[in-house]
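Counting in the numbering used here, the sequence shown runs from 23 upward without gaps. Don't be surprised by glycine CBs; every beta carbon is placed ideally from N, CA and C.
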Amino acid sequence: MTTRDRLRIAVQKNGRLAEPSLDLLTRCGLKFRQSRDKLFCFGESMPIDLLLVRDDDIPGLIADGVCDLGFVGRNVLTEDALGREGESPFQELRPLGFGGCRLSIALPQETEWSGPQQLAGMRIATTYPHLLGDWLRTNSVNASIVTLSGSVEIAPRLGTADLICDLVSSGATLAANQLKEAVILQRSEAVLASSAELPSDERGDLIELLLRRLDSVVNVRESRLVMLQAPRSALDIIVDLLPGKPQPTVTSIEGSPDDISLQAVCNGSVSWQDLEQMKRAGARSMLVLPVEKMLA
Ligand code: ATP
Ligand code: ZN
């Protein structure tokens, strides 16, 4: 294992993961000075530097020891690991809560989905041949994989494949190409990845520190402070409706002995549906606020 006294993290240069990754690192208190070629960011507040690269290069940079950590989609990490001999050289240290998507098989809209065996003998276009091959093997399906480097969704119309295996988030791209999602192979999001074995020098300590900060940043990001008033009799129902079943602070309201005021930090976002259900249960004057920092 290489020794270095600074930690190096690979981050996507341009694309869906670039901004949320940098944003997360900034929230962890890291500050960077970018090199003139914009490929390297020198860590000014801690000995942690960034390498800005294409997302597909991130697993290789970790496997080769060029970078210690990477912010990368689980789909890209798994695809790379499955393409290697033997055990995965990577581990997922944390899911990061952004870049959510699914790797799915999609069919022409008019085709009914009857199960994996329906794919026997078909040509499936994908940029994820190893993930798809693994799924086909697990399901004992004999289909041919057409590996493309992009624009997979137009392959059925071009006649180069019968169906596709691609990333889906909203499903809008599929719909625009008269395709529909049939089966999910993998649920993905951005993850903090490292090699299977963490460095045992100072970089190991830096990773520990970064993980602690990441955990509190991610926790805070998902937390909401909920404040409301309600009849005391509705308290149990309302607490059940709050995401993550928090332990609320309940106080009485001067002059209304049957009512309470509630304050709770919820782990998870509060939807309009949640609020409407609480309102039906008797809650009123509801406020949902983001939390900026939290120290237990
Ligand atoms: P690069 O130039 O770095 O190779 P790219 O075009 O391969 O970029 P992006 O489109 O930015 O990559 O996607 C990066 C990651 O974002 C994907 O690997 C995936 O984990 C995630 N992602 C989330 N939603 C989607 C989506 N709808 N389509 C594609 N990727 C998505
Ligand atoms: Zn890519």
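Collapsing the DSSP output to three states places ASN289 in a strand. Fewer than three pairs of CB atoms, one per stretch, sit closer than 8 angstroms, so the region 98-109 makes no contact with the region 228-247.
The shortest C-alpha to C-alpha distance from VAL213 to any of LEU236, ALA197, SER192, SER222 is the one to LEU236. Taking all protein chains in view, the Cβ of ILE127 is crowded by 16 or more other Cβ atoms within 10 Å, so the residue is classified as buried. When the five nearest sequence neighbours on each side are left out, the beta carbons in the same chain lying within less than 7 angstroms of the beta carbon of CYS89 are those of ARG30, ILE31, ALA32, LEU73, LEU83, in order along the chain.
Partner residues in the beta bridge of ILE206, as assigned by DSSP, are SER126. Every alpha helix (DSSP H) stretch that sits fully inside the region 104-191 and reaches 4 residues is listed by chain position as 151-160, 177-180.
Counting only unbroken stretches of 4 or more residues, the alpha helix (DSSP H) elements lying wholly within the region 224-254 are 224-244, in sequence order. At a cut-off of 7 angstroms, the beta-carbon of ASP102 does not count as near the ligand ATP: no heavy atom of the ligand is closer than that. Pairing GLU211 with ASN97, the inter-Cα distance amounts to about 8 angstroms. VAL292 and ALA286 have their C-alpha atoms spaced approximately 12 angstroms apart. For GLN295, the shortest separation between its Cβ and any heavy atom of the ligand ATP does not lie below 7 angstroms.
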